[in-house]
Structures are given as C-alpha cells and as structure tokens.
C-alpha cells in the first residue's frame, strides 16, 4: 500500500495544523478524509474542497467512524484534552491501521495510547507520536496552508515497543513526502527539547509583558526587542497553560536552567564594572544565535534502525527520505559551525 | 530661527541612527552637516548626498569643528564611550547652540554633559537628552532611512535646570517635524522604562539561546517562538554589555521583577494541577500583550509646562506638535483599553 505512494489518510480535527495536513496530503496525491467536531468547520472544509485543484481534493466525513472507515493512517490534530476521547472512538469502531498525532507534548499522548488504544484494542492499531514544529499567528481551517510543512522539522517518536520501526518508517515516508524534515526522538527527548525552545520562551514572553505593562511610560516606548520578545505572550492562556502544564516536569527543568543563567547575569550587573562583567556572559548566546538555524550538512545513507535513527536525532539531524526497500534512510546532520 | 522651520543641524556619527537623522532632517528642508570619525563612512555619506533629491541634500564636514561651526543644533549619534570626547571637542571650539543625543541610556549622558559641556563651557550650550526608539537588524550609514522615525517614539528628557523648557520645545519642534512621537520624561524615568522594555529583553533572549544550544535536538527543532524570543541575542555582546551595564541600576531592578514573576510561574508548575495553576499567571500578560501597541486617543492641547509634559509622558502619552507661540503642545494619550 505504501509503495504505491497513494494512501488513505483520515485527518481528525481541522484547525490550522489539521487543515494544513489535510491540504498537504491531498496535494501530494493521497486520498484524504477530514473530520471536525464543529459542523461549521466541516462545512468550510467541504466548500474549500470543491474549490481545490481537481488532483488535490479531499472529502469531509460526517462522523469519526466515516472518516476512519477506509483509512490506512489516521492523523489526530485535536487539542490534548480531546485526544483520549477520539482514541476511544477509533478503538470502538475497530480501526486497525496506523495512528499518528500532532500534539505538542508527546509523553502524555503516549500514555493515553497505551491506556486507551492499545489496551482496549489488543494493539492492532499502530501508533507513531508526531509533532510538526509549525505554527502561525493565525488559527483555524481558513488559515490552513498545504505548504506549511515545507522544510519544517517534524518529530516522529520512535520507541519500541510502543512504536515499531516499521510503523515509524511508514509515517516517515508519508511526512517526508510533504517536504518536512523528519526528526527521530523518544517522547521524553522531544518533551525536554520543546520545553527549552518553545514552552519556556512562552513563559519568558509572558513575564516580560506582565512586568512592562505596569509602567505606562515603558509601555508607550516599547519597540522592536519588546515586540519580538513578547509576541507569543498574546497566545490564549488556556492553550499555553495546557502546553506548559502538560509538560510540567521538563518545563520546570528548562526554566530552572534559564533562571540560573539569568542569576549569573544579575551577578554581573552587581560587579564593579558591569559592562566588562557582562561581555563573557553575553558571548556564548550571541555566537550561538548567530549560527541559528543550523545549516544542513551533506546527505548520507543511514541504516533504518532505531539506534541509528535516535542517535541522528540526538545529534541535531533529520531524515529527508525513506528508501523503497525501507532498509536505509537519507539523513542530514547539521554542518559543523566554523 | 526656529520659527522659520529651517535650521542648521550638525549630525556627529553617521551610523544607522545618525545617518537616518541626517537624511530625515535634510528631507524635512533643514540645512544639514554630517561628520563621522571614519573617513570611509564620510566618503559614503558624501557620495549618497550627491545622489539625493536636490531639496534633500546634506554636506559632509571633514572635522567636528567644521560640522558644528554654523549649527543651531548638534545631534550626537555616537556610542556612549565617544560622547564625552565629542562633548569636549564641541566645548573646545566654543559651540554655543543646542546639543541633543540619541544614546540609549540617559542618566550617564546627563552626567557627562554636566561635567564636560556645562562646566567647561559656562553653560552657554543648551542640552536636551534624546532617544529615538528605532532600531533595525542592519547597521551603518548604508542602512540609513529618512523614514525611520515616522510614528516612532522619541524620548526627549526634560529636567530643569539641566534642560530648560525653551530648549526642550526647540528640539521637540525639530523632532516632531520628522514624524516622531515625542515622549517627555526625566532621564531616570527613561532609563527605568528602557530597562524593562529593551535591556531585560536582551538578557532573556541571550539566556534562552545560551541554554537551548546545549541540546542539539532542541537546536534543530527550534522554530517561531524561539526565533522571535531570541532575535536580539545575536546582537554584538559589546553593544549589549554597554547598554545594560551602562544602566545597571535600573536593569537590576527590572530583572529582579521579571525573576520574581518567573519564580511564581515555577511555583505554578509545582502545583498539583499545573495547567489550572498557570492560567491566572498567564492571563494578565496575555491581555496586556493583546492590547499592545496602545492606540492613540484624541489629540488635545496641553500647556507647554514641565509638570504637564512630564505627567503626559508618565501616563504613556506623547506630543505630535509644538504650537507656533510655544505656549501649548498637541498631546495624545493612549486610548483606554476596552
């Protein structure tokens, strides 16, 4: 089925990410069914399908059951609190294909799959936890973009026995087909990494906005560094709380690291010559940020084995393709910084 | 001289901000002389002048003395360490007009003026400390843009006896003529405000980059929230150190506030239900950032008196024009948030 490069995908949840995967899979030539719990969103998605190019259309199903009935791959693009109930529904209708998701924390989803899908279902449905590192200011199906994942890092969790390497390669084939860089990681590694690069940045942005707003003069002077440093503070508190609170352990550890680093800056400000004391504190972050994003090194072939793949992810690498025989993958490591 | 709306301005230092003021004053019809310590920059500025529109040209002087010889207003756009020596030079040639600056900290400059310009010079040269809240990723004269200050907040410090209200209104007339919103403040108020909205954001950005780079997986997954939250971390360490270290007292206080706020987030993460505990912590910053930038209220006339002007600045307001008779200003307060 996968060798044909034309699979049947069901996307459950048609917000920005779900809608974009729906459009992207359809544009890549797959047969795609979408479902959203909100009837208005289903209607919008149905109207948009009729306007899409003939080779890139999708269907909108009236129920989860109808959406997954003939699917090879179910992609869950619902908020974390809805993942459990949807897994129950999929298990109840006897779905036996593959399941992946796009939720921004991976250990809680893995635990849900373990308790709900695999236990109720005798493990006939395979699971590969996923997280595309794509986001936009805007949300909802109307912002969906089939090109959202081009060049985007998309984590796929690889941890036998929850996820077999075979299932992983299947989802990796589909996702690299959307132009994404597939990053192999365990759920724990993923959650630790996103705490540092996404969840803690949300907390810092909020802390900046919370303190600056108390001084009207400061508020009226705020310009570029404030605008960018606080951009994500405007996100809905419930969403950020779910994201950070759902990953509390890793966020605590990452926040503690940042607090320790800032305490060192505080000490430098107390020095007799604070200007001189701050330079060595500032330099590593300045060089690091100057070298971000990391540049890709030369592509290489790697054996499609869990240990090699996870080692690649830990080294900051990703894969861009799975070989037809599924024995190797095309891998890219970041180029060394000069 | 000022009623004619055509004054002679000397700009010392032709980097991004100096070059942009040079171009902006020239475009506004003033007679403008520029000087930079770097001969190559002077040559670039001279070539650019020849290419400018006939009514918007400037001259480049070979020395500070030549630049300020006939000036009514000298604008210092040099880094903080160069301000003292340039003030000495201006005093030595017997300059007796007005001096303003664009340095990002105001108390250190005020102290320099007090010690160097006013003491050596028997206070014949007037001084108005300034700081346009404009910046760009790029630097240098080649990035200079005459429209850089359109709509931009430009602090002008107003503290008798260092700065007379008469001198302040003169510089405010010139700067509002460039399209800037002039914000009246004391040097101390300015330094406290920029610590919160510019200097501490630089420290947070650096702390984020410094900690995230230690995990190659995190580094390769970093996307939008990291990109924006760390953008200014790539700035030159020496510049950020000069800025934060030159304002160490205010930066310490602002950093302590942010650290206290983050410590509250840390406690919320320790709660039995961290998701629920984080929502009230996140909400004030989210509403605040959602309402930024503040929208202007209706323009009103205010008496051109220090107390009224400083009260306006403290309330988050600004002025857009000085009346011909210099008795009133056109003021704008931020509109109340719904």
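Residue numbers (this note's numbering), protein chains in the order written: chain A, 20 to 357; chain C, 20 to 357. Ideal placement from N, C-alpha and C gives every residue a C-beta, glycine not left out.
Alpha carbon to alpha carbon, how far is residue 314/A from residue 232/C?
Taking the straight line joining both Cα atoms gives about 14 Å.
What are the boundary residues of the beta strand (DSSP E) that includes residue 150/C?
Unbroken beta strand (DSSP E) run through residue 150/C: 149 to 151.
Buried or exposed by the 16-neighbour rule on C-beta atoms within 10 Å, applied to residue 293/A:
Counting Cβ neighbours within 10 Å, residue 293/A comes out buried, since at least 16 surround it.
Does DSSP put residue 46/C in a helix, a strand or coil?
DSSP places residue 46/C in helix when its eight states are reduced to three.
Report the neighbours of residue 293/C on chain A: residues whose CB is nearer than 7 Å to its CB, in chain order.
By Cβ distance, chain A contributes 264 and 267.
According to DSSP, residues forming a beta bridge with residue 341/A:
Beta bridge pairing from DSSP links residue 341/A with 348/A.
What residues in its chain sit with their C-beta under 7 Å from that of residue 114/C, if we drop five residues either side in the sequence?
Cβ neighbours of residue 114/C beyond the five flanking positions: 87, 93 and 144.
Does any residue of chain A have a CB that is nearer than 7 Å to the CB of residue 301/C?
Using a CB distance cut-off of 7 Å, residue 301/C counts as an interface residue toward chain A.
In the DSSP assignment, the alpha helix (DSSP H) including residue 263/C goes from what residue to what residue?
Bounds of the alpha helix (DSSP H) holding residue 263/C are 256 to 264.
State buried or exposed for residue 309/C, treating a residue as buried only when at least 16 other CB atoms are found within 10 Å of its CB.
The residue in question, residue 309/C, is exposed, as its Cβ has fewer than 16 Cβ neighbours within 10 Å.
Assign residue 235/A to one of three DSSP states: helix, strand, or coil.
Residue state, collapsed to three classes: helix.
What does a CB cutoff of less than 6 Å around residue 265/A pick up in its chain, not counting 5 residues either side in sequence?
Around residue 265/A: 99, 124 and 127.
On the DSSP bridge assignment, give the partners of residue 52/C in chain order.
Beta-bridge pairing links residue 52/C to 29/C and 78/C.
Using a Cβ-Cβ cut-off of 7 Å, state whether residue 190/C counts as contacting chain A.
Cβ-Cβ to chain A under 7 Å: no for residue 190/C.
Give me the residue from 58/A, 136/A, 333/A and 40/A with the minimum Cα distance to residue 50/A.
When only C-alpha atoms are compared, the closest one is 40/A.
Nearest chain C C-beta to residue 244/A closer than 7 Å, yes or no?
Cβ-Cβ to chain C under 7 Å: yes for residue 244/A.
Looking at C-alpha atoms only, which residue of 158/A, 349/A and 208/A is the closest neighbour of residue 60/A?
Comparing Cα positions, the closest option is 158/A.
Could you tell me the alpha carbon to alpha carbon distance between residue 137/C and residue 55/C, rounded to whole angstroms?
One C-alpha to the other measures close to 24 Å.
Own chain partners of residue 273/A with C-beta closer than 8 Å, once the 5 adjacent residues on each side are dropped
Closer than 8 Å at the Cβ level, and outside the excluded window around residue 273/A, lie 211, 214, 215, 218 and 219.
When the Cα atoms are used, what is the spatial distance from residue 91/A to residue 251/A?
Roughly 36 Å between the two C-alpha positions.
Locate the alpha helix (DSSP H) running through residue 430/C, then write down its first and last residues.
Coverage of chain C is limited to positions 20 through 357, which leaves residue 430/C absent and any answer about it impossible.
Through-space distance from residue 227/A to residue 120/A, alpha-carbon basis:
Looking at the two C-alpha atoms, the distance is approximately 32 Å.
Please name the residue or residues paired with residue 160/C in a DSSP beta bridge.
Paired residue(s): none; residue 160/C is not in a bridge.
Would you verify that the beta carbon of residue 109/C is, or is not, closer than 7 Å to some beta carbon of chain A?
Answer no: the Cβ-Cβ gap between residue 109/C and chain A never drops below 7 Å.
Taking CB distances under 7 Å as the criterion, tell me whether residue 205/A reaches chain C.
Chain C contact via Cβ: absent.
Helix, strand or coil: how does DSSP classify residue 21/A here?
Reliability of the predicted coordinates at residue 21/A is poor, the pLDDT of 48 falling under 50, and the value obtained from them is presented with this limitation in mind. Looking at residue 21/A - three-state DSSP - the assignment turns out to be coil, as it is neither helix nor strand.
How would you call residue 356/A, buried or exposed, if buried means at least 16 neighbouring beta carbons within 10 angstroms?
Residue 356/A is exposed by the Cβ-count criterion.
In three-state terms, what does DSSP make of residue 91/A?
In the structure shown, residue 91/A sits in coil (DSSP, three-state: anything other than H, G, I, E or B).
If the criterion is Cβ atoms closer than 7 Å, does the pair residue 186/A and residue 95/A meet it?
No, these two residues do not count as a Cβ contact at 7 Å.
Of all Cβ atoms in chain C, is any one closer than 7 Å to the Cβ of residue 216/A?
For residue 216/A, the answer is yes, since a Cβ of chain C falls inside 7 Å of its Cβ.
Quick check on residue 234/C: buried or exposed, where buried means 16 or more other Cβ atoms within 10 Å of its Cβ?
Its Cβ being crowded by 16 or more others within 10 Å, residue 234/C is buried.
Cβ shell of residue 300/C (< 7 Å), same chain only, five flanking positions each side left out:
Cβ neighbours of residue 300/C beyond the five flanking positions: 283, 284 and 287.
Between 25/A, 305/A, 321/A and 152/A, which has its C-alpha nearest residue 35/A's C-alpha?
Comparing Cα-Cα distances from residue 35/A to each of 25/A, 305/A, 321/A and 152/A, the minimum goes to 152/A.
Let me know if residue 22/C comes out buried or exposed under the rule of 16 or more other beta-carbons within 10 Å of its beta-carbon.
Because the pLDDT at residue 22/C is just 44, under 50, the model does not fix this residue reliably, and the value given afterwards should be weighed accordingly. Of the residues assessed, residue 22/C falls on the exposed side of the cut-off, its CB having fewer than 16 other CB atoms within 10 angstroms.
So the beta strand (DSSP E) residue 199/A belongs to, where does it begin and stop?
Judged by DSSP secondary structure, residue 199/A falls outside any beta strand (DSSP E); it is assigned neither H nor E.
Once you ignore the five residues that flank residue 248/A on each side, which residues in its own chain have a CB closer than 7 Å to its CB?
For residue 248/A, where only same-chain residues beyond five positions count, the Cβ hits under 7 Å are 224 and 227.
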